[in-house]
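S.K.:
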Amino acid sequence: MSEAAPHRLAMQSLDEALERLLSTVQPLGLSERLPTGDALGRVLAEPVVSLIDVPPADNSSMDGYALCAADVAASDAVLPVAQRVPAGVVGAVHQAGTAARIFTGAQIPVGADAVVMQEQCEALAVDLASEGLGSVRVNAQVQAGQWIRRRGEDVEQGATVLAAGCRLDAAALGLAASVGAAQLTVARRPRVALFSTGDELVMPGEPLKPGAIYNSNRFTLRAMLQGLGCEVIDLGIVPDKLDATRAALREAAGQADLIITSGGVSVGEEDHLRPAVQAEGSLDLWQIAIKPGKPLAFGRVGGAWFIGLPGNPVSSFVTFALAVRPVILRMQGATKLQPRSFMLRADFDWPKADRRREFLRVRLNEAGGLDLFPNQSSGVLTSAVWADGLLDNPAGQAFEAGHSVRYLPMTELLT
């Protein structure tokens with residue numbers, strides 16, 4: 001990698017930066033086997049193939065009565081109830097001219113071809129002196145096949161139900177379980193070392209000296225990494241000293257696949273991260289044409305990739321969501337790297353265009369439009385808590401209320 005001159009940083013678009021990052025960083029290619037119930041949020045390394053049909057047999061989608069449609073062609077037909085079939089029980093072969101009391105999920109008796117829901121039937125009194133199940137009057141027209149879930153209609157034997165590269169959510173785990181997968185082969189968690197630089201940083205609970213600030217980025221970035229399934233190695237706060245920064249980088253590279261830092265990627269005299277990474281490995285220092293966020297460092301230290309984020313809390317948050325999240329998913333072999341977005345109506349004016357692509361903190365309102373947080377400063381972390389998404393506004397675009405804009409939900413950016 002090239003080493004950018006300290007005061008002549010390459011300005012790139014977000015798309016250019018992402019293309020460079022994602023073409024350079026490759027999947028780790030390491031996997032492990034986990035019980036299906038423990039694989040939430042992980043990325044499949046091998047596909048899940050069904051060894052069975054789902055459902056495994058024709059079954060009832062309603063509580064009611066299984067019968068032959070031809071036996072109730074006449075209005076208000078009355079049939080004797082020959083058997084009772086709850087879920088988990090295989091009934092006897094269906095007898096023509098009878099009905100079977102059946103419950104949701106129960107297997108259809110062989111020979112029956114329809115189910116009538118119980119709300120359309122009238123159970124007639126049972127003769128308590130006999131062992132019979134009584135009779136039923138059918139008060140509806142019946143078509144063969146109604147209210148029957150057919151064998152294999154959800155999944156056929158041999159079908160791939162989950163592809164490699166799929167991130168496993170609750171529905172995916174349920175689907176894997178439904179085809180009998182007790183264990184899943186998933187990508188190993190990326191090991192990510194995290195530290196902050198800055199003598200002004202202190203931890204919550206410590207006295208806040210004049211000129212000091214609490215280290216919010218440590219908590220924000222750690223949580224975002226954990227939400228993406230990473231194993232986080234938290235190295236805390238590193239002093240603004242070149243030797244200390246180099247030592248932290250060496251320690252991180254010895255344990256991690258990726259190193260993430262916040263702060264110290266500008267070109268000031270107290271920003272030691274750039275020369276430290278250059279001394280320990282290789283570095284590109286970029287300016288990304290987005291707001292908030294601008295400086296982004298990308299390089300390698302030993303066997304670990306390195307990404308340095310800006311220190312302002314909203315800049316760090318937004319840059320991670322847009323640039324680091326896809327990289328971490330890529331390392332796990334995920335196939336879906338970019339968040340979904342939706343075109344919605346802005347319910348506010350944005351009269352001043354910026355030369356950079358802007359990511360505004362917005363929130364859905366009850367009218368289906370977007371409201372704007374009033375203070376869009378990169379230091380106002382309350383904007384990220386208040387918002388439920390980012391508005392992706394192209395460079396040079398001003399607009400009035402009612403304009404159609406692109407909305408990225410936070411749920412897409414944080415998981």
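Residue numbers (UniProt numbering): 1 to 415. Just so you know, even glycine gets a beta-carbon here, dropped at the ideal spot from N, CA and C. The model shown is predicted, which means the values in this text are computed figures rather than measured ones.
How about glutamine 107 and glycine 64: do their beta carbons lie closer than 8 angstroms?
M.R.: Not in contact: glutamine 107 and glycine 64 (Cβ atoms no closer than 8 angstroms).
S.K.: Classify glutamate 358 as buried or exposed, calling it buried when 16 or more other Cβ atoms lie within 10 Å of its own Cβ.
M.R.: Flag for glutamate 358 reads buried.
S.K.: Within its chain, find whatever has a CB closer than 6 angstroms to the CB of proline 351; leave out the 5 residues flanking it on each side and keep chain order.
M.R.: Ala398
S.K.: Is glutamine 226 helix, strand or coil by DSSP?
M.R.: helix
S.K.: Could you tell me the alpha carbon to alpha carbon distance between leucine 333 and arginine 151, rounded to whole angstroms?
M.R.: Here residue 333 is glycine; the residue named in the question, leucine, does not match the sequence. Spanning the two alpha carbons is a distance of roughly 34 angstroms.
S.K.: Looking only at DSSP bridge pairs, what is tryptophan 305 linked to?
M.R.: Leu258 and Arg300
S.K.: What residue ranges within the region 318–394 form continuous alpha helix (DSSP H) runs of no fewer than 4 residues, ordered along the chain?
M.R.: 325–331 and 382–386
S.K.: Name, in chain order, the residues that DSSP records as bridge partners for valine 93.
M.R.: For valine 93, which the question treats as bridged, DSSP gives no partner whatsoever.
S.K.: Could you pull the start and end residues of the beta strand (DSSP E) that leucine 173 belongs to?
M.R.: Looking at the DSSP string, leucine 173 is not in any beta strand (DSSP E); the run it does join, the alpha helix (DSSP H), is 170–178.
S.K.: Let me confirm a value: methionine 331 is counted as buried when at least 16 other C-beta atoms fall within 10 Å, else exposed. Which label applies?
M.R.: buried
S.K.: Buried or exposed: which applies to valine 78, given that a residue is buried once 16 or more other Cβ atoms fall within 10 Å of its Cβ?
M.R.: Exposed is the label assigned to valine 78, since fewer than 16 other Cβ atoms lie within 10 Å of its Cβ.
S.K.: Assuming contact is defined by CB atoms lying nearer than 8 angstroms, are isoleucine 328 and leucine 221 in contact in what I supplied?
M.R.: no
S.K.: What residues in its chain sit with their C-beta under 8 angstroms from that of serine 31, if we drop five residues either side in the sequence?
M.R.: Ala45, Glu46, Thr185, Val186, Ala187 and Arg188
S.K.: Specify, as a first and last residue, the run of the beta strand (DSSP E) that proline 275 falls within.
M.R.: That residue, proline 275, is in no beta strand (DSSP E); its alpha helix (DSSP H) goes 273–280.
S.K.: In the DSSP assignment, find the unbroken beta strand (DSSP E) run with methionine 117 in it and report its ends.
M.R.: 114–117
S.K.: Quick one: grab the DSSP three-state call for aspartate 38.
M.R.: helix
S.K.: Roughly how many angstroms separate the alpha carbons of alanine 176 and alanine 321, rounded to a whole number?
M.R.: 29 angstroms
S.K.: Beta strand (DSSP E) containing arginine 87: first to last residue?
M.R.: The sequence given here places alanine at residue 87; arginine does not occur at that position. No beta strand (DSSP E) contains alanine 87, which DSSP labels as neither H nor E.
S.K.: Within 8 angstroms (strictly less), CB to CB, does serine 316 reach chain D?
M.R.: Within the model displayed, chain D is absent; a lone protein chain is all it includes.
S.K.: Would you report the Cα separation of residue 417 and alanine 346, rounded to the nearest angstrom?
M.R.: The shown model of the chain, from 1 to 415, leaves out residue 417, and the question about it has no answer.
S.K.: From this set, Ala384, Arg250 and Thr335, which residue's C-alpha is nearest tryptophan 305's C-alpha?
M.R.: Arg250
S.K.: What are the start and end residues of the beta strand (DSSP E) that includes threonine 160?
M.R.: Element bounds for threonine 160: 160–162.
S.K.: Compare the C-alpha of glutamate 366 against each of Leu344, Ser377 and Pro374 and name the closest.
M.R.: Leu344
S.K.: Could you spell out the range, first to last residue, of the alpha helix (DSSP H) harbouring glutamate 412?
M.R.: 410–413
S.K.: How should aspartate 15 be labelled, buried or exposed, when 16 other C-beta atoms within 10 angstroms of its C-beta is the threshold for buried?
M.R.: exposed
S.K.: What does the Cβ neighbour count give for lysine 294, buried or exposed, with the cut at 16 atoms within 10 Å?
M.R.: buried
S.K.: Can you tell me the Cα-Cα spacing of phenylalanine 342 and threonine 411, whole angstroms?
M.R.: 13 angstroms
S.K.: Decide if alanine 99 is buried, meaning its Cβ has at least 16 other Cβ atoms within 10 Å, or exposed.
M.R.: buried
S.K.: Residue range of the beta strand (DSSP E) that aspartate 234 falls in?
M.R.: Unbroken beta strand (DSSP E) run through aspartate 234: 231–238.
S.K.: By Cβ distance below 7 angstroms, which residues in the same chain neighbour proline 409 in space, the five residues on each side in sequence not counted?
M.R.: Asp388 and Gly389
S.K.: Are there three or more Cβ pairs, one per stretch, closer than 8 angstroms when the region 273–293 is compared with the region 205–224?
M.R.: no
S.K.: For alanine 125 and proline 86, what's the separation of their Cα atoms in angstroms?
M.R.: 20 angstroms
S.K.: By Cβ distance, which residues of its chain are closer than 6 angstroms to valine 90, with the 5 residues on each side in sequence left out?
M.R.: Listed in chain order, the non-local C-beta contacts of valine 90 below 6 angstroms within the same chain comprise Gln107, local neighbours out to five positions each way being set aside.
S.K.: Suppose the cutoff is 6 angstroms on Cβ atoms and the five residues either side in sequence are ignored; what does the same chain contact list for arginine 33 look like?
M.R.: Gln183 and Thr185
S.K.: Pull up the distance between the alpha-carbon of glycine 41 and that of glycine 134, whole angstroms please.
M.R.: Within the model, the alpha-carbon separation for glycine 41 versus glycine 134 is close to 52 angstroms.
S.K.: Please confirm if the region 70–77 is in contact with the region 166–174, defined as three or more CB-CB distances below 8 angstroms between the two stretches.
M.R.: Flag = no, the region 70–77 and the region 166–174 do not touch.
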